[in-house]
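Undergrad: Handing you a structure now.
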Amino acid sequence: MSRILLVEDEVVIRMELRRLLARHGHDVVEAGSIAEAEEAHDLRAFDLVLADVRLPGAPGTELVGRCGGAPVVLMTSYATVKAAVDAVKRGAADYLSKPFDHAELVALVDHHLAGARAAQGAPAESAPASMPPAPASMPPAPASMPPAPDDEELEGMIGGSAAMREVFARVRKVAPSEATLLVLGESGTGKETLARAVHRLSPRRQFSFVRVHCAAIPEGLIEGELFGYERGAFPGALSARAGLCEAAEGGTLLLDEIAELPARVQARLLRFLQTGEVRRVGAAQARRVDVRLIAATQRDLVAMVREGSFLSDLYFRLRVLEIRLPPLRERPGDSVRIAESLLTRRARATGQRPLALSPEARAAIAAAPWPGNVRELENAIHRAMVLAEGSEIGVGLLGLDDAPQPAPAAHSSAAHESEPRSDSLEGYFRRFVLEHQHELTETEIARRLGISRKALWERRQRLGIPRPR
1 MSRILLVEDE VVIRMELRRL LARHGHDVVE AGSIAEAEEA HDLRAFDLVL
51 ADVRLPGAPG TELVGRCGGA PVVLMTSYAT VKAAVDAVKR GAADYLSKPF
101 DHAELVALVD HHLAGARAAQ GAPAESAPAS MPPAPASMPP APASMPPAPD
151 DEELEGMIGG SAAMREVFAR VRKVAPSEAT LLVLGESGTG KETLARAVHR
201 LSPRRQFSFV RVHCAAIPEG LIEGELFGYE RGAFPGALSA RAGLCEAAEG
251 GTLLLDEIAE LPARVQARLL RFLQTGEVRR VGAAQARRVD VRLIAATQRD
301 LVAMVREGSF LSDLYFRLRV LEIRLPPLRE RPGDSVRIAE SLLTRRARAT
351 GQRPLALSPE ARAAIAAAPW PGNVRELENA IHRAMVLAEG SEIGVGLLGL
401 DDAPQPAPAA HSSAAHESEP RSDSLEGYFR RFVLEHQHEL TETEIARRLG
451 ISRKALWERR QRLGIPRPR
C-alpha cells in the first residue's frame with residue numbers, strides 16, 4: 001500500500017481527494033499547509049506528495065526538494081500553471097491543471113508511484129514481468145487479463161484495433177518532427193494522452209509539457225495567460241508576468257479545445273506561429289520562443305472556418321500534421337482491452353489480485369456505444385471496482401443501463417418544442433441554451449444564466465448539447 005501526503009487547504013476538496021485515493025488502495029495523510037504537514041509528519045516518509053500550488057503560508061512548490069525521493073505532483077488552477085511549470089523544471093514530478101476528473105488524477109498518481117518504484121529497483125508497473133509473485137494461497141490471475149502486447153500500447157494509449165494501430169504508427173512518425181500538430185476527436189477519446197505521447201517520444205521530452213485548456217480560462221484573461229503581460233498593462237497588472245507560451249520554452253505547448261479561443265486571441269496565436277515570437281500585453285518588443293505547438297479540439301474546424309468563427313489562416317497553420325482519434329465505437333475490441341488494462345494496473349498499484357470481468361460484463365462493454373468514449377469507460381470501471389465485493393465484476397456494476405445518451409442537437413424551433421418541459425435546473429438550462437444559442441454568443445448566454453463561460457462549456461459537455469455549427 002502506497003503512502004501519500006495530501007496538502008490542500010480547502011477542507012471539502014481535501015476530504016474528497018482523500019476518499020478517492022483511499023478507495024484506490026492508498027494510505028492518505030492530509031494537511032492544510034506545508035507548516036502543518038512538517039509539524040505532524042516526516043516529509044521523507046511518503047511514497048508520493050500531492051499538493052495544491054496555492055497554500056496558506058508557503059506555496060506547494062516549496063515542497064520540491066524537501067520530500068526525499070518522493071515525487072511531488074502539484075495541482076494548479078489556470079492562474080498558477082506558470083508556477084507549476086517552473087517547479088517541474090526545478091524537480092517536481094508533474095502538475096495537474098484544474099479542472100481535472102478523478103480518473104485523470106488516479107492515473108497520474110499511479111504512473112508516478114510506478115516510476116518511483118522502478119527508480120528504487122522495485123517492480124515497475126509498466127513492465128508485465130515485474131509483478132510480484134503471488135503468494136501460494138492466491139489463485140493465479142484470470143487468463144482474460146494479460147498485459148497489453150507492445151504493439152497494443154503506446155505511452156499510455158491502449159488499442160489493438162486497426163484504427164488505433166494506424167494512430168500509433170502516425171504518432172511514431174510525427175513525434176520527431178518540429179511541425180505543428182492538430183489532434184481531432186470526440187470528447188473523451190484521449191487527445192491529451194496522445195499529445196503527451198508525442199511529447200515523450202520527441203527530442204523535446206526533457207523539457208516541459210504545458211497544457212492549456214482554452215475553455216477553462218475566462219475570455220478576458222486568456223490573452224495575458226498565453227502571451228504574458230508587462231507591469232501596468234491593465235488594471236491589476238502589478239508586475240510583469242511571463243505567459244504559458246514562454247513557460248513551455250524548449251518543450252511542447254498543448255492548446256486543448258482550441259476552437260474556444262476568442263477571435264482576438266486567434267489572431268495573436270497566428271502571428272506567434274508565423275514568427276515564433278511572443279509580445280507580452282503592454283510590451284513594445286517581442287521575444288523569440290522555441291516551442292512546439294499541439295492543438296486539440298472536438299469541434300469541426302472546417303465548418304467553423306466556413307461560418308467565419310475560426311481564422312482560415314490559423315487553421316492551415318495548425319494542421320501541418322493531423323491525427324484523428326477514432327471514438328470507441330469505431331475501435332472493435334478496444335473497450336474490453338482498455339477495461340482489462342485498467343483492472344491490471346490497479347492491481348499492480350495496490351499489490352492485490354486483479355478483479356476479473358464476467359463474460360456478461362465483457363460482452364456488455366464490447367457492445368456499449370460509449371458516447372463519452374475512453375473517459376466514460378474509465379469512470380465505469382472505477383465505479384465497478386469500488387462496488388465489487390467478490391473477485392469478479394458483473395455487468396450490473398458497470399451502470400450501463402443508467403448511462404445518459406447524448407442529446408440530439410436542435411436546429412429548429414420544432415426541435416425546441418419537442419424538448420421535455422422539465423422543471424429541473426438542468427431542464428431549464430437545456431431549454432434556455434437551445435432557444436438562444438443561434439442568436440447569442442457563448443459569453444452572452446453565460447452572462448444571462450449567471451454562470452461563467454467555463455461552466456457553460458462544462459455543462460454543455462455533461463448534458464450532450466453541442467454548440468451549433
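Just so you know, we're using full-length UniProt numbering here: the sequence shown kicks off at 1 and counts up by one.
C-beta atoms are modelled at their ideal positions from N, C-alpha and C, and glycine is treated no differently.
Rounded to whole angstroms, what's the CA-CA distance from Ala-415 to Arg-459? Just pull it up for me.
TA: Here Ala-415 scores only 39 on pLDDT, less than 50, and its place in the model should not be relied on; the value that follows carries that caveat. Going from the Cα of Ala-415 to the Cα of Arg-459 covers about 20 Å.
Undergrad: Would you mind listing the alpha helix (DSSP H) stretches within the stretch 154 to 222 that are 4+ residues and don't spill past its ends, in chain order?
TA: If we require 4 residues or more, the alpha helix (DSSP H) runs fully inside the stretch 154 to 222 come out as 162 to 174 and 191 to 200.
Undergrad: Per DSSP, which one or two residues make a beta bridge with Ala-51?
TA: For Ala-51, which the question treats as bridged, DSSP gives the partners Val-7 and Leu-74.
Undergrad: Give the DSSP-derived three-state secondary structure of Asp-334 in the structure shown.
TA: Asp-334 falls in the helix class under three-state DSSP.
Undergrad: Closest by CA to Arg-54, which one among Leu-48, Ala-70 and Met-75?
TA: Per the Cα distances, Met-75.
Undergrad: Does the separation of the CB atoms of Val-281 and Gly-224 fall below 8 Å?
TA: Closer than 8 Å, so yes.
Undergrad: On the DSSP letters alone, give me the boundaries of the beta strand (DSSP E) that Val-28 sits inside.
TA: First-last of the beta strand (DSSP E) with Val-28: 27 to 31.
Undergrad: Roughly how many whole angstroms lie between the Cα atoms of Pro-135 and Arg-353?
TA: Below a pLDDT of 50, predicted positions are generally treated as unreliable, and Pro-135, at 36, falls in that range; no measurement from the model is reported.
Undergrad: State the Cα-Cα distance for the pair Val-289 and Glu-277, rounded to the nearest angstrom.
TA: Going by the C-alpha atoms only, they are around 6 Å apart.
Undergrad: Please list the terminal residues of the continuous alpha helix (DSSP H) segment that includes Thr-443.
TA: That run of the alpha helix (DSSP H) goes 442 to 449.
Undergrad: Kindly confirm or deny that the stretch 10 to 26 and the stretch 99 to 118 touch, where touching means at least three C-beta pairs closer than 8 Å.
TA: Yes: the two stretches touch, three or more of their Cβ pairs being nearer than 8 Å.
Undergrad: Could you tell me if Leu-17 is buried or exposed, where buried requires 16 or more neighbouring beta carbons within 10 angstroms of its beta carbon?
TA: The residue is buried, with at least 16 neighbouring Cβ atoms inside 10 Å.
Undergrad: Which residues share a DSSP beta bridge with Asp-256?
TA: Answer by DSSP bridge pairing, in chain order: His-213 and Ala-296.
Undergrad: To which residues does DSSP link Asp-94 through a beta bridge?
TA: Answer is Val-73, bridged to Asp-94.
Undergrad: Name the DSSP bridge partner or partners of Leu-321?
TA: Leu-321 is bridged to Leu-181.
Undergrad: Using the beta-carbon count (16 or more within 10 Å), is Ala-356 buried or exposed?
TA: The residue in question, Ala-356, is buried, as its Cβ has 16 or more Cβ neighbours within 10 Å.
Undergrad: Leaving aside the five residues before and after Glu-125 along the sequence, list all residues of the same chain whose C-beta is less than 6 Å from its C-beta, in chain order.
TA: Note that Glu-125 scores a pLDDT of 41, beneath 50, so its modelled location is shaky and nothing firm can be said.
Undergrad: Give me whichever residues DSSP pairs with Glu-389 in a beta bridge.
TA: BP columns for Glu-389 are empty, so no partner.
Undergrad: Is the stretch 194 to 209 touching the stretch 284 to 300 in the sense that three or more CB pairs, one from each, lie closer than 8 Å?
TA: The stretch 284 to 300 vs the stretch 194 to 209: in contact.
Undergrad: Could you tell me whether the stretch 242 to 258 touches the stretch 152 to 167, using the rule of 3 or more Cβ pairs below 8 Å?
TA: The stretch 242 to 258 is not in contact with the stretch 152 to 167.
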